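Have a look at the structure below, then the notes.
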Amino acid sequence: MDEKLGGIPLSPRAAARAAGALIALRIGYAYNWFDIGPALPSIGSKYGVGPADWGLLVAAFLVGAGLLQVPAGLLARRYGARSVSLAGVALLAVSAAACGLAPSFPILVLLRLVAGVGAALFFSPAIGLMASLYPPGRRGVPVGVFSSAFSVGSALGIVVTAFLIPPLGWQLSLVVGGAVLGVATVVSFVMVPSTVGAAPKAPTVPGPRVPAALRYRGVWAVGIAFVGLEGATFATGQFVVPWGESVQGWSIGLAGVVGMMFVLPSIAGGPIGGRVAERNRNHRTQFVVAMLAAAGVLALLPWAGLAVALAAGTVFAFSYGIIYAVMYVLPHFWREVPPEEVPLAIGLFNSIQLAGGAGVSALFGVIVATHSYAVAWEVLPLVMLATLVALVGLPATPAAPVGPPVVEGSDRR
Numbered sequence: 044m045d046e047k048l049g050g051i052p053l054s055p056r057a058a059a060r061a062a063g064a065l066i067a068l069r070i071g072y073a074y075n076w077f078d079i080g081p082a083l084p085s086i087g088s089k090y091g092v093g094p095a096d097w098g099l100l101v102a103a104f105l106v107g108a109g110l111l112q113v114p115a116g117l118l119a120r121r122y123g124a125r126s127v128s129l130a131g132v133a134l135l136a137v138s139a140a141a142c143g144l145a146p147s148f149p150i151l152v153l154l155r156l157v158a159g160v161g162a163a164l165f166f167s168p169a170i171g172l173m174a175s176l177y178p179p180g181r182r183g184v185p186v187g188v189f190s191s192a193f194s195v196g197s198a199l200g201i202v203v204t205a206f207l208i209p210p211l212g213w214q215l216s217l218v219v220g221g222a223v224l225g226v227a228t229v230v231s232f233v234m235v236p237s238t239v240g241a242a243p244k245a246p247t248v249p250g251p252r253v254p255a256a257l258r259y260r261g262v263w264a265v266g267i268a269f270v271g272l273e274g275a276t277f278a279t280g281q282f283v284v285p286w287g288e289s290v291q292g293w294s295i296g297l298a299g300v301v302g303m304m305f306v307l308p309s310i311a312g313g314p315i316g317g318r319v320a321e322r323n324r325n326h327r328t329q330f331v332v333a334m335l336a337a338a339g340v341l342a343l344l345p346w347a348g349l350a351v352a353l354a355a356g357t358v359f360a361f362s363y364g365i366i367y368a369v370m371y372v373l374p375h376f377w378r379e380v381p382p383e384e385v386p387l388a389i390g391l392f393n394s395i396q397l398a399g400g401a402g403v404s405a406l407f408g409v410i411v412a413t414h415s416y417a418v419a420w421e422v423l424p425l426v427m428l429a430t431l432v433a434l435v436g437l438p439a440t441p442a443a444p445v446g447p448p449v450v451e452g453s454d455r456r
């Protein structure tokens with residue numbers, strides 16, 4: 044357990060309860076990110092807006108989530124990961140529910156922006172909080188499961204909302220999503236002990252003005268290296284279904300199933316990646332092998348039939364599930380980054396990836412419009428491998444430090 048994170052050893056039962064609450068929040072976080080998609084046609088009818096405005100609405104959440112990543116880490120460094128992450132998810136819950144009550148489209152866009160801010164405040168501090176529940180050597184699987192929970196939530200956000208809209212309407216369906224997340228947030232305030240993720244004690248000797256997490260080259264290397272992967276996850280999420288309909292001639296339902304296979308297998312990749320990252324220090328090799336697999340299967344899509352597309356989606360999602368789990372475990376090994384700055388490190392490289400990935404995804408759309416899907420699917424893996432070269436700047440991972448033992452049979456809260 045990291046003492047600088049306010050860590051007091053927890054019993055396995057207390058740690059499991061807190062971890063379960065955080066995983067539930069991660070699922071709800073992703074749900075309220077993706078539940079807007081099925082509602083877009085109804086939103087268009089309600090406010091008289093078209094696809095261009097839908098794009099603005101979707102982008103508003105990403106803007107809020109991307110811009111606040113680094114500030115979220117700075118806030119967690121000062122006030123503690125628990126306070127910032129739970130405040131952020133509470134803001135997300137309230138603003139997501141309020142979207143269903145928006146009196147106008149501009150207000151709806153503003154509320155989605157605020158929801159994105161809440162998501163940013165939750166994300167990287169919550170990863171640090173999850174890791175602080177466990178001693179070194181036992182963090183990989185919980186962090187990997189936490190990472191993969193995003194895929195569960197995003198899939199539920201799409202599917203459940205699609206079923207809720209016909210009987211309830213899009214407005215009430217959004218209120219339901221935010222309200223359920225609000226209940227989970229209240230439960231988490233009780234289940235996550237205040238003794239973990241607390242604000243760090245003020246140092247007796249003032250530290251540098253610029254946090255170590257912002258200066259450490261490993262943070263920048265990871266951020267730049269996976270810009271291409273972030274863009275690929277955006278692009279596949281946005282374009283696999285229309286590609287399946289327009290090029291492959293599949294029904295929207297069948298194309299949707301293929302699209303789901305580009306998300307759901309990451310659920311398995313996360314825990315496996317976390318476990319491998321915790322037990323082995325060759326993290327650069329882990330990144331490269333998984334990225335080669337992900338890029339390789341994307342390059343097959345121009346010639347893919349249904350079976351190949353399903354297989355490609357499975358390998359792609361499983362591979363990036365591994366990559367993101369390793370990525371979120373890695374900062375806990377960096378001795379140059381204080382434990383209380385781990386959320387800041389994750390926030391910085393995630394912000395770099397979100398910004399760059401959005402650009403890669405936009406480039407993919409331009410190539411589709413000016414050339415073809417076939418050309419775009421070939422360019423995308425090349426971009427993934429081009430940005431991966433930044434891993435040259437990633438320092439070798441040191442051996443894991445030895446932490447205090449978990450207190451068996453106690454339940455300190």
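The numbering used here puts the sequence shown at residues 44 to 456. The beta carbon of each residue, even a glycine, is placed where N, CA and C say it ideally should be. The model shown is predicted, which means the values in this text are computed figures rather than measured ones.
Problem - Buried or exposed (CB count within 10 angstroms, at least 16 for buried), T328 - result: exposed
Handout entry: Collapsed DSSP secondary structure at G123 in the structure displayed
Key = coil
Practice task
Compute the Euclidean distance between the alpha carbons of Q214 and S88, then round it to the nearest angstrom.
Solution key: 12 angstroms
Problem - L343 - DSSP class collapsed to helix/strand/coil - result: coil
Practice task
Can you tell me which of G399, Y363 and L425 puts its alpha carbon nearest to the alpha carbon of G187?
Solution key: Y363
Handout entry: Terminal residues of the alpha helix (DSSP H) in which Q291 lies
Key = Note, Q291: premise wrong, no alpha helix (DSSP H); not H, not E.
Exercise for the section: Specify, as a first and last residue, the run of the alpha helix (DSSP H) that P254 falls within. Expected result: Where P254 is concerned, there is no enclosing alpha helix (DSSP H), given that its DSSP letter is neither H nor E.
Exercise for the section: For the region 137-185, list the alpha helix (DSSP H) runs that are entirely contained and at least 4 residues long, ordered along the chain. Expected result: 148-175
Practice task
Tell me, to the nearest whole angstrom, how far the beta carbon of L349 is from that of W420; I am working on the premise that it is less than 8 angstroms.
Solution key: That belief does not hold up - the Cβ atoms of L349 and W420 are roughly 16 angstroms apart, past 8 angstroms.
Practice task
Kindly indicate which three-state DSSP category N75 falls into: helix, strand or coil?
Solution key: helix
Practice task
May I ask you to report which of helix, strand or coil DSSP gives T247?
Solution key: Residue placement at T247 cannot be trusted, given a pLDDT of 45 that sits under 50; what the coordinates show is reported in the next sentence. Note: T247 maps to coil in three-state DSSP.
Handout entry: Own chain residues within Cβ distance below 7 angstroms of Y72, not counting five before or after
Key = V132, L135, A162, F165 and G196
Problem - Distance, T357 Cα to L344 Cα - result: 13 angstroms
Handout entry: Burial state of P81 (16 or more Cβ within 10 Å)
Key = buried
Practice task
Between the Cα of L118 and those of A278, P254 and V223, spot the shortest distance and give me the residue it belongs to.
Solution key: P254
Handout entry: 8 angstroms Cβ cutoff met for A320 and V369
Key = yes
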